[in-house]
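Here's the structure we're looking at; comments come further down.
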Amino acid sequence: MRIDVVTIFPEYLEPLNVSLVGKARARGLLDVRVHDLRQWTHDRHNTVDDTPYGGGPGMVMKPEPWGEALDSVIASGSDGREEGPVLVVPTPSGSPFTQETAVELAAEPWLLFTPARYEGIDRRVVEEYGERLRVRELSIGDYVLAGGEAPVLVMVEAVARLLPGVLGNAESHRDDSFAPGAMADLLEGPVYTKPPVWRGRDIPEVLLSGHHGRIARWRRDQAFRRTVRYRPDLIGRCDPAALDADDRRL
Ligand code: SAM
């Protein structure tokens, strides 16, 4: 997968060199290119923002540098590709970025992220590129950050760990919270490792039983309890056929 990020803070994206994403890049599974938006400005001050039409506080990112930047990045990858990138626009006013969104984006060959600053990017940029690219305006949560770089780090990591070959054990995201399958829409329950007793605390006995069926059932029940406690809104999305009398009592 190819990922391009256009930003006025390229250094903010340095964490993409470490850990899981960094290793995926080093192994050639991920081609990440970070671009400085200011290289597409033409004035002495490398201006990327201006005052908002209609008045009001804050500044708005100008369309011209974004237009030149996006044209240039898109042209750099157009050889032999039938389609351009999916344009991913981080914004608190977008639709929620969820695990389902991560799965959808992980199936794409090319993503182009446009993290903004100030009050966001002049709306005409999304309109313009929406005519030739698929655009996803995505929010990572109901809060407002100062810029879109942290949301890009969040989204790239969520997508990258789903790519084939990136996780050491391909099974490891199977039982994650929100993963499709038997635990769909449930949060993951508690996990344990050695030693079997730590500060007088045992691990649940069932996990030592070696009985796969009982362990799976226990994990599913723990996931259900945790979801009821922390995210009751998710329970309504569970398949009613997957619930039993014990679940309904909770
Ligand atoms: N005035 C905008 C609003 O209320 O919708 C907020 C602009 S915010 C200060 C600047 C930039 O940070 C946004 O354009 C976006 O790129 C990014 N950003 C902030 N919060 C975000 C969130 N929850 N999800 C995704 N991007 C976010």
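In our numbering, the protein residues as written are 14 to 263.
Just so it is clear, CB atoms sit at the ideal spot from N, CA and C, and this is done for glycine as well.
The straight-line gap separating the alpha-carbon atoms of Tyr131 and Leu26 is approximately 18 Å. Exposure of His58 is indicated by the presence of fewer than 16 other C-beta atoms within 10 angstroms of its C-beta. Scanning Pro209, Thr64, Arg40, Glu121 for the CA closest to the CA of Leu180 turns up Arg40.
DSSP, read as helix, strand or coil, puts Leu247 in helix. According to the DSSP assignment, Ile87 belongs to the alpha helix (DSSP H) that extends over 76–89. Measuring C-alpha to C-alpha distances from Glu144 to each of Glu96, Ala120, Arg227 identifies Glu96 as the nearest.
Residue state for Asp189 is assigned as coil, using DSSP reduced to three classes.
Placement of the Cβ of Val157 at a distance of less than 8 Å from at least one heavy atom of ligand 1 is found. Partner residues in the beta bridge of Ser152, as assigned by DSSP, are Pro109. Around Gln235, the same chain offers Gly202, Pro203 as residues with beta carbons nearer than 7 Å, after the five sequence neighbours per side are excluded.
When DSSP states are grouped into helix, strand and coil, Asp135 belongs to the coil group. When DSSP reads this structure, Pro103 sits in a beta bridge with Leu151. Pairing Leu146 with Thr114 gives a Cβ-Cβ distance that is not under 9 Å. Scanning Phe126, Ile134, Arg187, Asp252 for the CA closest to the CA of Met168 turns up Phe126. Ligand 1 never approaches Leu221 closely enough for any of its heavy atoms to be under 8 Å from the residue's Cβ.
Here Val102 is not near Val61, since their CB atoms are 9 Å or more apart.
Closest by C-alpha distance to Glu24, out of Ala183, Leu175, His48, is His48.
If you ignore the 5 residues before and after Leu175, its C-beta comes within less than 7 Å of the C-beta of Ala115, Val116, Ala119, His186, all in its own chain and listed in chain order. In the structure shown, the three-state DSSP call for Arg242 is helix. The beta carbons of Pro164 and Arg15 sit about 19 Å from each other, so the pair does not count as a contact at 8 Å. With respect to Leu124, Asp17 sits close: the two C-beta atoms are nearer than 9 Å.
Taking the Cα of Gly107 as reference, the smallest distance to any Cα among Arg136, Ser89, Pro70, Arg46 is reached at Arg136.
Inclusion of Gly160 in the 8 Å shell around ligand 1 follows from its C-beta lying nearer than that to a non-hydrogen atom of the ligand. Here the distance from the Cβ of Gly107 to the nearest heavy atom of ligand 1 is below 8 Å.
Annotated three-state conformation of Val157 is coil, per DSSP. In terms of CA proximity to Val73, Thr64 leads the group Pro177, Trp53, Thr64, Leu50.
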